[in-house]
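If you read the sequence shown in the numbering used here, its first letter stands for residue 1, the second for the next number, and so on.
Heads up, the thing below is written out as structure tokens.
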Amino acid sequence: MSELHPLDDYHSESKMRARKNVRRFFTRPALKTILSTTVTGQDNVEGLEGAYIVVGNHTSHLDAPMVFTLLPEHMTERLATGAAADYWYRRPAISKVTSLFFNTYPIERKNKSGDPNAGRAKGMTSRLLKDGIPILIFPEGTRSRTGEMGEFKVGAAALAIKFDIPIVPLAMRGGHEAMPVGSVLPAANRPPIDMFIGKPMYAHEGEQPEAFMARVRSHIVAMLEQSSPYPEEI
1 MSELHPLDDY HSESKMRARK NVRRFFTRPA LKTILSTTVT GQDNVEGLEG AYIVVGNHTS
61 HLDAPMVFTL LPEHMTERLA TGAAADYWYR RPAISKVTSL FFNTYPIERK NKSGDPNAGR
121 AKGMTSRLLK DGIPILIFPE GTRSRTGEMG EFKVGAAALA IKFDIPIVPL AMRGGHEAMP
181 VGSVLPAANR PPIDMFIGKP MYAHEGEQPE AFMARVRSHI VAMLEQSSPY PEEI
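Following this line, the structure appears as structure tokens:
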């Protein structure tokens, strides 16, 4: 059996500086060129540190670049997100690029056999959270094909309950219109994108993952409907 994927890179100060420079000199200027972005709710996450899970609705291929570029610097410096091990980690050059841009970690997909590195990514999400690394998860599992928000899988809520850490709800609007499924490039004329950063949410005592995730989803819906990171709960 292969050795587990190491965690050292996710604590590396040099890797963190490299990702910061990529955001500063490449992704941030690029996004400002092609999109008109508005971010609100930064005060909701002031002082947030350690392990937590950023949960957002999945609107387009622009979502991950927007999250890693537009969230406050103290969040993005260590934030990590999963990438399919059988696709993104088969070639070292590709995995290094995705890691540089998005601080990725490998996730093994079901029904994928014959991978000589199988087993190295076992339990990576839990291992990172336990090690104090925050994680980005899109619980719909795939981009919206209609612009409407899909159902949320409960895995993120189960992890938050297991490790007693908060979920940061993130609502994004405009990604589907800016880059619908099937598009290779974003629409012209700098389409508007809104990002609302919600207040960190903890599970209630005894709350089950299904109920917690439903509450998080409702909060994201409320932020979108009220165009505010401080929604009045309905």
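Even glycine gets a Cβ: it sits at the ideal position worked out from N, Cα and C.
Straight-line gap, residue i to residue j (C-alpha atoms, nearest Å)
i, j, result
"ILE165", "GLN208", "14 Å"
"GLU232", "GLN226", "8 Å"
"PHE265", "ILE193", "Coverage of the chain is limited to positions 1 through 234, which leaves residue 265 absent and any answer about it impossible."
"ASP9", "GLU73", "18 Å"
"GLU177", "LEU62", "11 Å"
"TYR89", "THR81", "13 Å"
"LYS162", "MET75", "21 Å"
"LYS130", "ARG217", "24 Å"
"GLY155", "ILE133", "17 Å"
"SER60", "ALA214", "22 Å"
"ARG143", "GLY50", "28 Å"
"LEU159", "THR98", "24 Å"
"ILE137", "ARG127", "15 Å"
"MET1", "THR125", "Unreliable placement is indicated for MET1, whose pLDDT of 47 sits below 50; no coordinate value is reported for it."
"PHE25", "ALA85", "28 Å"
"LEU31", "PRO191", "11 Å"
Closest residue to residue i among the options (Cα-Cα distance)
i, options, result
"ILE135", "VAL168, THR146 and GLU205", "VAL168"
"GLY150", "LEU185, MET201, ILE220 and ARG90", "ILE220"
"MET16", "THR38, HIS58 and LEU100", "LEU100"
"GLY141", "ALA18, THR33 and GLY56", "GLY56"
"GLY198", "PHE212, PRO229 and ALA214", "PRO229"
"ASN21", "THR146, ARG143 and THR69", "THR69"
"THR37", "ALA203, MET223, MET195 and LEU159", "MET195"
Distance CB(residue i)-CB(residue j) smaller than 9 Å
i, j, result
"ALA83", "PRO106", "yes"
"ALA187", "MET179", "yes"
"ALA93", "GLU108", "no"
"MET223", "ALA157", "no"
According to DSSP, residues forming a beta bridge with residue i
i, result
"MET195", "VAL39 and MET172"
"TYR105", "GLY82"
"MET201", "ILE167"
Residue-chain proximity (residue i, chain C), Cβ-Cβ < 9 Å
i, result
"ASN189", "Of the protein chains in the structure, only one exists, and it is not chain C."
Contiguous beta strand (DSSP E) assignments of at least 3 residues, all confined to the stretch 131-171: 135-137
Contiguous beta strand (DSSP E) assignments of at least 3 residues, all confined to the stretch 29-69: 36-40 and 53-56
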